[in-house]
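Enquirer:
In this note's numbering, the protein residues as written are 6 to 236.
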């Protein structure tokens, strides 16, 4: 185990050696300073933008991977619980938006109504006892919207599950060689952003077939701020 741990640490250090620590901290502080100088009516996100190279999206396997970050990256991510009697009651007591199967039946598999429901929340969780029932009640529309619920069991803490979802990011290569993910927000301090950014980059590099050789450039920016080049 010790040998594996040491090898993993060496691997991480080698992968991360491409990012200069001083440049990373300077970029983070520039992002935070710019956001503080132009206060918005909402909290800006901090985004990592990636440009890839030496990748053929037609021939090469398109990667997809998710990873939880050390600090909550998307606190404004709204999640609704589709619950059985147990989870519905727990959600309501916790102040979590909730629906039950009867609420879904009222949509009558109407595509417009289901899409409207999906548009009201960023994500959904659902009792594991209902997961197979939901497609029969609402049709395929939740899945097509990319909002099919994440299952929860009776032993799960609903709020902890939502916090996990708010902390998790996903890298997915589609038809273009540009990726963007939210790694934090301007309400975080520089160390929290440093931790989230490094873990995000390290994970992305591990997904690429040639690791750093597939990275053309990396930028960090707030929602409305200018991009800061990291690599």
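No residue lacks a Cβ here, since even glycine has one placed at the ideal position from N, Cα and C.
In terms of residue numbering, what span does the alpha helix (DSSP H) encompassing residue 197 cover?
Expert: Start at 1 with the first residue of the chain shown, and residue 197 comes out as number 192. Where residue 197 is concerned, the enclosing alpha helix (DSSP H) stretches over 195-212.
Enquirer: State the start and end residues of the unbroken beta strand (DSSP E) segment that holds residue 156.
Expert: The residue you call residue 156 lines up with position 151 of the chain shown. From DSSP, the beta strand (DSSP E) with residue 156 extends over 155-157.
Enquirer: Which of the three DSSP states, helix, strand or coil, is assigned to residue 82?
Expert: On the chain shown, residue 82 is found 77 positions in, with the first residue counted as 1. Residue 82 falls in the coil class under three-state DSSP.
Enquirer: Cutting at 8 Å between CB atoms, please list the residues of its own chain near residue 24, excluding the five before and the five after it.
Expert: Along the chain shown, one-based indexing puts residue 24 at 19. Excluding positions up to five away in sequence, the list reads 203, 206, 223, 235, 236.
Enquirer: Considering only residues of the region 74-149, which uninterrupted alpha helix (DSSP H) runs meet the minimum length of 4 residues and lie entirely inside it, listed in chain order?
Expert: The qualifying runs are 90-99, 106-110, 116-124, 139-143, 146-149.
Enquirer: So, helix, strand or coil for residue 174, using DSSP?
Expert: Residue 174 sits at position 169 when you count from the first residue of the chain shown. Of the three classes helix, strand and coil, the one that applies to residue 174 here is strand, per DSSP.
Enquirer: Just to confirm my understanding: we take residue 56, look at its own chain, exclude 5 residues before and 5 after, and list those with CB closer than 7 Å. What are they?
Expert: For the purposes of this step, residue 56 is taken as residue 51 along the chain shown, with counting starting at 1. If we look at residue 56 and ignore the five residues flanking it on each side, its Cβ neighbours are 182, 183, 221, 222.
Enquirer: Tell me whether the region 42-50 and the region 160-178 touch, counting them as touching only if at least three CB pairs, one residue from each stretch, are closer than 8 Å.
Expert: The region 42-50 vs the region 160-178: no contact.
Enquirer: Of all the options 210, 179, 180, 189, which has the alpha carbon lying nearest to the alpha carbon of residue 171?
Expert: Position 166 of the chain shown holds residue 171. Looking at the Cα atoms, 189 is the closest of the given residues.
Enquirer: Under the three-state reduction of DSSP, which class applies to residue 167: helix, strand or coil?
Expert: Sequence index remark: in the chain shown, residue 167 carries index 162 (1-based). Note: residue 167 maps to helix in three-state DSSP.
Enquirer: Count the other C-beta atoms from every protein chain shown that fall within 10 angstroms of the C-beta of residue 69, then say buried if there are 16 or more, exposed otherwise.
Expert: Taking the chain shown and counting its residues from 1, one reaches residue 69 at position 64. Flag for residue 69 reads exposed.
Enquirer: Considering only residues of the same chain and omitting the five flanking positions on each side of residue 144, which have a CB-CB separation below 6 Å?
Expert: If you number the chain shown from 1, residue 144 lands on position 139. Cβ neighbours of residue 144 beyond the five flanking positions: 114.
Enquirer: Quick check: is the beta carbon of residue 214 nearer than 8 Å to any beta carbon in chain C?
Expert: Here chain C cannot be found, since the structure has a single protein chain.
Enquirer: May I ask which residues mark the beginning and end of the alpha helix (DSSP H) holding residue 49?
Expert: On the chain shown, position 44 is the one that residue 49 refers to. First-last for residue 49: undefined, no H or E at that position.
Enquirer: Relative to the C-alpha of residue 127, which candidate in 86, 93, 100, 159 has its C-alpha closest?
Expert: Numbered from its first residue, the chain shown carries residue 127 at position 122. Nearest option by C-alpha distance: 86.
Enquirer: Specify the secondary structure class of residue 233 as computed by DSSP and reduced to three states.
Expert: Mapped onto the chain shown, residue 233 falls at position 228. DSSP places residue 233 in strand when its eight states are reduced to three.
Enquirer: Comparing C-alpha positions only, which one of 27, 60, 52 sits nearest to residue 217?
Expert: Here residue 217 refers to the residue found at position 212 of the chain shown. Nearest option by C-alpha distance: 60.
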